[in-house]
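One structure is given below, encoded as structure tokens.
Number of protein chains: 2
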Amino acid sequence: MKRSFIREILEATNSNTISFAGGLPNHDLFPIEELSQCASNVLAQKTTWQYSTSNGLPSLRRAIANLYNQEGFETSEENILITTGSQQALYILARYYQNSPIIIEAPSYLGATNSFRLNNLTMHPLPLRDDGIDAEQFKQASHKTKLSYLIPDYQNPSTTTYSETKRQAIAKIVEQEGVVLIEDSPYSDIYFEKKYRPISSYIPNRSFHLGSFSKSLAPSLRIGWIRANTKLLDELLPIKESIDLHSCGLSQAILSEYLKGTLRFQTHLQKLQNHYRNKMNTFCDLLDTHLPQFQYTRPQGGMFVYGHLEGVDIYALLEKCMRANVVFVPADEFFIDDRQSGAIRLNFTNTTPQEMAKGIEVIKRALES
Amino acid sequence: MKRSFIREILEATNSNTISFAGGLPNHDLFPIEELSQCASNVLAQKTTWQYSTSNGLPSLRRAIANLYNQEGFETSEENILITTGSQQALYILARYYQNSPIIIEAPSYLGATNSFRLNNLTMHPLPLRDDGIDAEQFKQASHKTKLSYLIPDYQNPSTTTYSETKRQAIAKIVEQEGVVLIEDSPYSDIYFEKKYRPISSYIPNRSFHLGSFSKSLAPSLRIGWIRANTKLLDELLPIKESIDLHSCGLSQAILSEYLKGTLRFQTHLQKLQNHYRNKMNTFCDLLDTHLPQFQYTRPQGGMFVYGHLEGVDIYALLEKCMRANVVFVPADEFFIDDRQSGAIRLNFTNTTPQEMAKGIEVIKRALES
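Chains as they are written, first to last, in the numbering used here: chain X, -8 to 360; chain F, -8 to 360.
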């Protein structure tokens, strides 16, 4: 299995690099003071440091269930399995469905496709349109392939967002054809316009809905979750237990304490959304002005801009940019086949407006040279 | 795969249960004040909350390498892979060696054998003698089976400790027969007499040495590690990355800060050893007085006492005891075949002398009834 190219780029960068690669949230937005306050409340308790149960801290599972309930997606503590980041949720599901065929999007998330490959799932990619995969193509594929993996909210890498209509159409096909849906939503809270209803909410017994605090609060906590019906979760628990007994107890206790104030989390999310929306608009304004040949759609959420540079050798471009200390990710990395997509993914969350301008200038010059 | 019977017992217990089951360290011994102080130092730093590298925080890897170097086992940062508890180390190795045959001890650690089973390793158990497996039997088995899993320090469950001579004999066979050794040492710091030299130190290029802070500091941190040569570790890294990207960043930062004071850790370990040694002796004195038919050897370290009750139906005994709110683990659970070992494992770390006396009295009466 190839290692994540993105992580290799990340590890090659230094403090002078302007990085449009990676998916690092902006560390200035971590609510460090509040989380540290929560930490000092819970670290004094002995139970915070002891072994706990494999499915996760009951108080945290309740808090996450509450987040779903607030949005009208009926969920109880028993529907939540805590995982060590969303990545572990993907691994557990890949392990559970090992050797199965699976419908994925093209492009798709590298952390997922790597886990699928490691567990010998045969991937059947469906091309992404403006509002998600084509419903008819999904229906055709679902006649043979009863497992699917979709990222309907501000997809990494393509930023594609499924429309309401498309979500309902997908849900209907899942129900009719007896498909199981793995719905990966790490960016669902980082929206710039509105929050979409999860596809899983239409098909709660045929879906795994994956969430994470890595983008909304802080990645190093390594806390994500799977929302599913209890029967499905029960089958995953032995795998979770075998992988790491349980996820970090400190992180779970801190998050559980933090989420006691639901208003606190909502206020933080609004701040995050405003900040990232502004950043995205600044970045896109700069792209429009200085790189008009870059064809893209402004994202509705998430941390990336994705687009095409027609007729450009993307890897040659990256090489030139890297020599000038600017990095991004060629979108070919996100396809499971060999292809020249002519597309690139640009992260905008972890650069200042000055760095954005400088980085885009470097890309522009590299294109001209 | 069957779920851990121990965890099922644990989940069935309530606040009135006297539990000799499980392997919970005593929560009164967690150095909460010092760890919390370390936490408040590192939580103020933004990098503590950000994504980090899959192999682990460099400062923590250096600190762990130092612990090895202090004992004369030459180790550098590059020899350490941080894992989400020892359990994850076991899973990663089981995944890496999937479908292989493996030599194990009988009895063995359930968390390991479950991971081996999940990854389709064929287990070849060798019976434990007083000082470990028989060297000649190991040699015979190693002609066919080139992978082995041993727990030489105060084994869970049997408390068996390999003698110096036996360690050298095993190392020699590993070298001569081209075997790879997975040496699991979660209890190596919880010794009552002396610390033994790891078998891995004789065969650093043919071994994975597994360590953990779960018993020595606090389990909820979920931080363990694999010590191996860099070539072996490089092969494990893609699996680690696929499983959870990296282990909890908060835990790693807190531990890294804590281990800056090596004297602090050593002082804590001495306190731990003294406390557990006293507890063990108290427990064994009570056993000798009130349960003379229980045949066992006082352990040299770890958290358990293991012994036999000749001619007793252990599961019937457990059922009687559970009705009186006392639990322990029948040793049959730790063998991969169906057998009536007539043995039980008793944990002594998490009960007071009063509870010990009461619990032993319950077992005594259940035996007589």
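C-beta atoms are modelled at their ideal positions from N, C-alpha and C, and glycine is treated no differently.
If you're wondering where the values come from, they're calculated on a predicted model, not measured in any experiment.
Item to check | Identity of the residues DSSP links to residue 115 of chain X by a beta bridge | outcome: X/94
Next on the checklist: When you compare the CB of residue 52 of chain X with every CB in chain F, is at least one pair closer than 7 Å?
Outcome noted: no
Checklist entry - Taking C-beta to C-beta, are residue 348 of chain X and residue 39 of chain X nearer than 7 Å? => result no
Checklist entry - Checking contacts by CB at 7 Å: is residue 335 of chain X closer than that to chain F? => result no
Checklist entry - Span of the beta strand (DSSP E) holding residue 296 of chain F? => result 295 to 299
Next on the checklist: Assuming residue 207 of chain X and residue 181 of chain X are in contact, meaning their beta carbons sit under 8 Å apart, how far apart are those beta carbons, in whole angstroms?
Outcome noted: 7 Å
Checklist entry - Which bits of chain X does residue 37 of chain F rub up against, with CB to CB less than 8 Å? => result 18, 19, 21 and 23
Next on the checklist: Quick check for students: name the residue ranges of the alpha helix (DSSP H) that lie wholly in the segment 293 to 356 of chain X, counting only runs of 4 or more.
Outcome noted: Unbroken alpha helix (DSSP H) stretches of 4 residues or longer found wholly inside the segment 293 to 356 of chain X: 305 to 314, given in chain order.
Next on the checklist: Output needed for residue -6 of chain F: all residues of its chain with C-beta closer than 7 Å, excluding positions within five of it in sequence on either side, in chain order.
Outcome noted: Because the pLDDT at residue -6 of chain F is just 49, under 50, the model does not fix this residue reliably, and the value given afterwards should be weighed accordingly. Hits under 7 Å: none found.
Checklist entry - Do residue 162 of chain X and residue 190 of chain X have their C-beta atoms within less than 7 Å of each other? => result Note that the C-beta distance between residue 162 of chain X and residue 190 of chain X is below 7 Å.
Item to check | CA-to-CA distance, residue 148 of chain X to residue 356 of chain X, given in whole angstroms | outcome: Roughly 24 Å separates the two Cα atoms.
Item to check | DSSP-derived helix/strand/coil call for residue 236 of chain X | outcome: Note: residue 236 of chain X maps to coil in three-state DSSP.
Checklist entry - Would residue 86 of chain X be called buried (16 or more neighbouring beta carbons within 10 Å of its own) or exposed? => result buried
Next on the checklist: Here's a check: name, in chain order, each residue in its chain whose Cβ is nearer than 7 Å to the Cβ of residue 291 of chain X, leaving out the five neighbours to either side.
Outcome noted: Excluding sequence neighbours, residue 291 of chain X sits near 145, 152, 182, 183 and 184.
Item to check | Segment limits, alpha helix (DSSP H) that includes residue 129 of chain X | outcome: 126 to 133
Item to check | Proximity to residue 238 of chain X [Cα-Cα], best of X/172, X/314, X/218 and X/214 | outcome: X/214
Checklist entry - List, in order along the chain, the chain X residues whose C-beta lies closer than 8 Å to that of residue 40 of chain F? => result 18, 21, 23, 26, 209, 210, 211 and 212
Checklist entry - Under 8 Å Cβ-Cβ, which residues of chain F neighbour residue 7 of chain X? => result Those do not exist, as residue 7 of chain X stays about 17 Å from chain F at its closest Cβ, beyond 8 Å.
Next on the checklist: Assuming the contact rule is C-beta atoms closer than 8 Å, residue 98 of chain X and residue 112 of chain X should be a hit. Round their C-beta distance to whole Å, please.
Outcome noted: With 8 Å as the limit, residue 98 of chain X and residue 112 of chain X do not qualify as a contact, their Cβ atoms being about 17 Å apart.
Next on the checklist: If I follow the unbroken alpha helix (DSSP H) through residue 171 of chain F, where does it start and stop?
Outcome noted: It is not in any alpha helix (DSSP H) - residue 171 of chain F instead sits in the beta strand (DSSP E) that spans 171 to 175.
Next on the checklist: With a threshold of 6 Å on Cβ separation, who are the neighbours of residue 193 of chain F within its own chain once the five nearest residues in sequence on each side are excluded?
Outcome noted: Excluding positions up to five away in sequence, the list reads 162.
Next on the checklist: Whole angstroms are fine: how far does the CA of residue 303 of chain F sit from the CA of residue 331 of chain F?
Outcome noted: Rounded to the nearest whole angstrom, the C-alpha separation of residue 331 of chain F and residue 303 of chain F is 10 Å.
Checklist entry - If we count the other Cβ atoms within 10 Å of its Cβ and call it buried at 16 or more, is residue 134 of chain X buried or exposed? => result exposed
Checklist entry - Would you call residue 341 of chain X buried or exposed, if buried means 16 or more other Cβ atoms sit within 10 Å of its Cβ? => result buried
Item to check | Any chain X beta carbon closer than 7 Å to residue 90 of chain F | outcome: no
Item to check | Below-7 Å beta-carbon distance, residue 235 of chain X vs any chain F residue | outcome: yes
Checklist entry - Using the beta-carbon of each residue, which ones in chain F are nearer than 7 Å to residue 75 of chain X? => result 75 and 235
Next on the checklist: At the 7 Å Cβ level, is residue 30 of chain X part of the contact set with chain F, yes or no?
Outcome noted: yes
Checklist entry - When burial is assigned at 16 or more other CB atoms within 10 Å of the CB, is residue 231 of chain F buried or exposed? => result Under this definition residue 231 of chain F is a buried residue.
Checklist entry - Can you name the residues of chain X whose CB is closer than 8 Å to the CB of residue 82 of chain F? => result 233, 234 and 235
Next on the checklist: If the criterion is Cβ atoms closer than 7 Å, does the pair residue 20 of chain F and residue 263 of chain F meet it?
Outcome noted: Less than 7 Å separates the beta-carbon of residue 20 of chain F from that of residue 263 of chain F.
Next on the checklist: If distances are taken between C-alpha atoms only, which option among X/337, X/205, X/236 and X/9 comes closest to residue 425 of chain X?
Outcome noted: Only positions -8 to 360 of chain X appear in this structure, which leaves residue 425 of chain X out of reach.
Item to check | Under the three-state DSSP convention, the category residue 50 of chain X falls into | outcome: helix
Next on the checklist: For the segment 246 to 265 of chain X, list every residue whose C-beta sits within 8 Å of some C-beta in chain F, in sequence order.
Outcome noted: none
Item to check | Distance between residue 23 of chain X and residue 13 of chain X (C-alpha atoms, nearest Å) | outcome: Each residue's Cα considered, the two are about 22 Å apart.
Next on the checklist: Tell me the rounded alpha-carbon separation between residue 346 of chain F and residue 354 of chain F.
Outcome noted: 12 Å
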